[in-house]
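Sequences listed follow chains D and P, in order. Mapping of the first sequence onto my numbering: position 20 corresponds to residue 20, and the numbering continues sequentially without gaps. Mapping of the second sequence onto my numbering: position 16 corresponds to residue 82, and the numbering continues sequentially without gaps.
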Amino acid sequence: MKLPFLYFDPGTGALVVQAVAATAAAGALFYKKIITKVQSVFGKKQKQDLMGGIDIEDEADGADSK
Amino acid sequence: MKMKQMEQIVNRHTSSFRDPSGYIQVKNEELYRHINPIYFNQYNALKSSGFYKKLIDASLLIPHEEIEVNSNYIMLKPEKIPFFSYPYEWSFSQYQHAALHTLKLQKYALQHGFTLKDATAFNITYHNGAPVFVDTLSFDVYTDGEPWRAYKQFLMHFLAPLVLTKYYGTTMLKTLQQHIDGLPLQHVVKLLPFKARFNPILYTNIYLTAKYEQKYSSDKNAVAEKKVRIAKDKQIKIIDSLYNYVKELKVIEKTEWKDYYNITNYDAAAFDYKKQLVKKWYDSINASKVVDLGGNDGTFSRELKDHATEILVTDIDPNAVDYNYNQVLKNKEQNIIPLVSDLLNPAPGIGFNNKERMALQERIVSNNYDVALALALIHHISLSGNVPFSMSAQMFASLTPYLIIEFPDREDSWVNFLLNSKREFAGYFDYYSLANFEKDYSFFYTVIEKKQIPNTHRTIYLLKRK
Numbered sequence: 001m002k003l004p005f006l007y008f009d010p011g012t013g014a015l016v017v018q019a020v021a022a023t024a025a026a027g028a029l030f031y032k033k034i035i036t037k038v039q040s041v042f043g044k045k046q047k048q049d050l051m052g053g054i055d056i057e058d059e060a061d062g063a064d065s066k
Numbered sequence: 067m068k069m070k071q072m073e074q075i076v077n078r079h080t081s082s083f084r085d086p087s088g089y090i091q092v093k094n095e096e097l098y099r100h101i102n103p104i105y106f107n108q109y110n111a112l113k114s115s116g117f118y119k120k121l122i123d124a125s126l127l128i129p130h131e132e133i134e135v136n137s138n139y140i141m142l143k144p145e146k147i148p149f150f151s152y153p154y155e156w157s158f159s160q161y162q163h164a165a166l167h168t169l170k171l172q173k174y175a176l177q178h179g180f181t182l183k184d185a186t187a188f189n190i191t192y193h194n195g196a197p198v199f200v201d202t203l204s205f206d207v208y209t210d211g212e213p214w215r216a217y218k219q220f221l222m223h224f225l226a227p228l229v230l231t232k233y234y235g236t237t238m239l240k241t242l243q244q245h246i247d248g249l250p251l252q253h254v255v256k257l258l259p260f261k262a263r264f265n266p267i268l269y270t271n272i273y274l275t276a277k278y279e280q281k282y283s284s285d286k287n288a289v290a291e292k293k294v295r296i297a298k299d300k301q302i303k304i305i306d307s308l309y310n311y312v313k314e315l316k317v318i319e320k321t322e323w324k325d326y327y328n329i330t331n332y333d334a335a336a337f338d339y340k341k342q343l344v345k346k347w348y349d350s351i352n353a354s355k356v357v358d359l360g361g362n363d364g365t366f367s368r369e370l371k372d373h374a375t376e377i378l379v380t381d382i383d384p385n386a387v388d389y390n391y392n393q394v395l396k397n398k399e400q401n402i403i404p405l406v407s408d409l410l411n412p413a414p415g416i417g418f419n420n421k422e423r424m425a426l427q428e429r430i431v432s433n434n435y436d437v438a439l440a441l442a443l444i445h446h447i448s449l450s451g452n453v454p455f456s457m458s459a460q461m462f463a464s465l466t467p468y469l470i471i472e473f474p475d476r477e478d479s480w481v482n483f484l485l486n487s488k489r490e491f492a493g494y495f496d497y498y499s500l501a502n503f504e505k506d507y508s509f510f511y512t513v514i515e516k517k518q519i520p521n522t523h524r525t526i527y528l529l530k531r532k
């Protein structure tokens with residue numbers, strides 16, 4: 001069950017726009033992928049990454065249960 | 067019964083009222099999270115799926131312990147956060163990191179069948195050297211195809227201030243102090259330079275959202291909301307692209323701080339003498355918590371990091387604070403919190419009843435720091451801010467029982483520079499002298515030790531509050 005009421009307005013427009021934003025996002029991600037590839041071909045070093053990437057690796061479930 | 071109700075009302079934390087899912091209670095200076103039955107399903111799903119544990123193990127969410135479960139409420143005890151910083155006190159990197167943390171959390175939640183139901187920047191604070199999400203009840207069960215309800219809030223609280231900062235500098239990071247609910251997007255569109263619309267991320271996320279918001283603003287029945295469907299992988303694409311965009315944002319701004327230590331007027335030996343003395347005095351009073359006021363990039367308080375459990379370093383210069391935060395990340399320092407704050411205008415209490423977000427001075431006092439450092443600071447407060455000695459002494463004395471303070475005399479080149487900049491009013495500052503300083507501070511403090519820093523015109527004191 002969802003919470004039956006919201007305590008702030010999510011904004012209808014902000015929900016509708018996400019379909020459009022997703023298309024642009026896909027474009028931007030594709031572009032970034034190409035740029036990164038090209039840079040790595042030319043040996044551009046990535047600078048020190050203090051904040052890390054977005055993905056979190058799940059530990060294998062039950063790995064330490066044995 | 068009435069007594070109990072009254073107790074509940076009085077004990078409720080002053081910042082905790084927006085979400086009907088539950089609220090925070092304060093009992094004997096400890097925080098407890100009270101969950102209402104309306105959120106039981108979500109809570110149980112989060113708990114039984116093991117997602118709470120995953121979030122806590124990944125240091126994304128503040129850990130909690132379940133204290134009590136009955137049919138009326140569930141009570142949790144979250145891990146204590148000694149000092150709570152607010153978004154308008156963060157440097158650029160801190161703000162950026164908090165935004166990334168929120169996106170990371172939403173992507174991870176989606177991957178596990180949950181979603182963030184709100185994304186306010188006040189749900190993040192700095193703890194153990196990194197951002198942490200503090201609102202355990204901000205998650206909801208994800209229904210396939212639903213758009214992200216907190217998307218607009220993310221834009222208003224994070225993306226908008228960061229993008230404005232990119233174009234106009236770090237004063238824009240303080241905008242949430244004025245707009246506690248985030249920056250209205252239509253306002254942001256008016257503020258952004260014309261060229262910003264040519265960036266596809268900004269165009270879709272800010273310009274289009276502002277436009278659609280206006281278009282649907284009269285649609286109070288939210289008819290369209292029911293029709294909106296967006297596949298999960300598409301929502302993840304938005305999150306990923308925002309992550310990439312925010313991560314690469316930069317702000318270029320020169321400030322007074324750059325090369326500050328190169329233009330100060332003491333040599334390496336004097337610098338080292340000061341460091342050793344601070345360390346020695348700090349140990350002599352058995353302190354464990356220190357607040358370094360005007361602490362620049364944390365050079366001096368960092369000397370205490372193996373001796374202190376908590377170090378709060380405030381400075382007016384957002385670049386110095388940013389440099390400090392990058393050091394914290396690089397060295398994985400868990401006990402240092404860098405904070406942007408102007409001593410002449412610290413963050414006030416804001417929001418409902420002026421108590422939703424507490425004043426900085428109040429937060430410092432309630433965290434019971436043992437000692438304050440005020441190194442190379444008094445001349446700025448006195449000569450730039452025109453604050454009389456008696457008033458600065460009273461302010462310091464209100465914060466901590468001990469004070470380590472450095473007094474640069476009139477012969478010091480910085481003081482000289484500040485005095486000269488007063489031009490014809492320089493005479494008004496004749497009171498600025500070691501003798502007057504000692505006289506006025508003696509109303510509030512006893513001198514425990516006093517040392518002249520060799521080859522400088524500076525004296526440093528260890529003071530104890532009377």
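For every residue, glycine included, the Cβ atom is placed at its ideal position computed from N, Cα and C.
query = If I526 (chain P) sits next to D436 (chain P), beta carbons under 8 Å apart, how far is it from one beta carbon to the other, in whole angstroms?
reply = No, I526 (chain P) and D436 (chain P) are not in contact; Cβ-Cβ is about 18 Å, not under 8 Å.
request  = Kindly indicate which residue of P:D478, P:I318, P:S87 has the alpha-carbon position closest to the one of K183 (chain P).
outcome  = P:S87
inquiry  = Is the beta carbon of F510 (chain P) closer than 7 Å to that of A459 (chain P)?
reply    = yes
task = Compare the beta carbon distance of S157 (chain P) and D388 (chain P) with 7 Å and say whether it is the shorter of the two.
result = Cβ distance < 7 Å, so S157 (chain P) and D388 (chain P) count as in contact.
task = Under 8 Å between beta-carbons, which chain P residues line up against V20 (chain D)? List them in chain order, please.
result = T270, L274
inquiry  = Does the segment 262-271 of chain P come into contact with the segment 162-179 of chain P, if we say contact requires no fewer than three beta-carbon pairs (one atom in each stretch) closer than 8 Å?
reply    = no
inquiry  = Against chain P, with Cβ distances strictly below 7 Å, would I35 (chain D) count as a contact?
reply    = It does not: the Cβ of I35 (chain D) has no partner Cβ on chain P nearer than 7 Å.
query = For Q91 (chain P), which residues does DSSP report across the bridge?
reply = P:R78, P:Y98
request  = Would you kindly work out how many angstroms separate the C-alpha atoms of L166 (chain P) and I34 (chain D), rounded to a whole number?
outcome  = 22 Å
Reference S456 (chain P), options P:T512, P:P259, P:N502, P:N138, closest by Cα = With distances taken between Cα atoms, S456 (chain P) lies closest to P:N502.
Inter-residue spacing [alpha-carbon to alpha-carbon] between L50 (chain D) and K32 (chain D) = 20 Å
query = Among P:L171, P:H79, P:M141, which has the Cα closest to the Cα of I122 (chain P)?
reply = P:L171
Backbone CA spacing between F5 (chain D) and I447 (chain P) [nearest angstrom] = Annotation note: pLDDT 48 at F5 (chain D) (below 50); position unreliable, no value reported.
ask   = Is it true that the CB of I101 (chain P) sits closer than 7 Å to the CB of I128 (chain P)?
value = no
Same chain only: Cβ atoms within 7 Å of H445 (chain P), ignoring 5 sequence neighbours per side = P474, W480, V481, L484
task = Kindly provide the ranges of any beta strand (DSSP E) runs that are 3 or more residues long and lie completely inside the segment 495-527 of chain P, ordered along the chain.
result = Segments of the beta strand (DSSP E) lying fully in the segment 495-527 of chain P: 511-518.
query = Is the CB-CB distance between N390 (chain P) and V379 (chain P) below 7 Å?
reply = Yes, these two residues count as a Cβ contact at 7 Å.
task = Kindly indicate if chain D contains any beta-carbon less than 7 Å away from that of N385 (chain P).
result = no
ask   = Going straight from the alpha carbon of T365 (chain P) to that of A124 (chain P), what length do you get?
value = 30 Å
query = Does the beta carbon of K173 (chain P) sit closer than 7 Å to a beta carbon anywhere in chain D?
reply = yes
ask   = If you run the structure through DSSP and keep just helix, strand and coil, what is K355 (chain P)?
value = strand
Positions along the segment 301-318 of chain P whose CB lies within less than 8 Å of some CB in chain D = Per Cβ criterion, the list reads Q301, K303, I304, I305, D306, S307, L308, Y309, N310, Y311, K313.
request  = Please list the residues of the segment 207-240 of chain P that have a C-beta atom closer than 9 Å to any C-beta atom in chain D, keeping them in chain order.
outcome  = V207, T209, E212, P213, W214, R215, A216, Y217, K218, Q219, L221
task = Quick one: grab the DSSP three-state call for P10 (chain D).
result = coil
ask   = Between K345 (chain P) and I519 (chain P), which are expected to be in contact by the criterion C-beta below 8 Å, what is the C-beta distance as a whole number of angstroms?
value = Rounded, the Cβ-Cβ distance is 14 Å, inconsistent with contact.
inquiry  = Please list, in chain order, the chain D residues whose beta carbon lies closer than 9 Å to that of L169 (chain P).
reply    = I54
key: Own chain, CB closer than 7 Å to D333 (chain P), minus 5 neighbours either side, in chain order   = Excluding sequence neighbours, D333 (chain P) sits near N521.
query = What are the boundary residues of the alpha helix (DSSP H) that A165 (chain P) is part of?
reply = 158-177
query = If the cut is a Cβ gap below 7 Å, which residues of chain P does G27 (chain D) touch?
reply = P266
Under 7 Å between C-beta atoms of V255 (chain P) and A226 (chain P) = no
query = For V207 (chain P), does the three-state DSSP call read helix, strand or coil?
reply = In the structure shown, V207 (chain P) sits in a strand (DSSP, three-state: E or B).
Sufficient close CB pairs (3 or more, under 8 Å) joining the segment 110-119 of chain P to the segment 143-159 of chain P = no
ask   = At a Cβ threshold of 7 Å, is Y498 (chain P) touching chain D?
value = Taking a beta-carbon distance threshold of 7 Å, Y498 (chain P) does not count as an interface residue toward chain D.
inquiry  = Judging by CA-CA distance, which residue of P:I318, P:R99, P:E314, P:L230 is the nearest neighbour of P259 (chain P)?
reply    = P:L230
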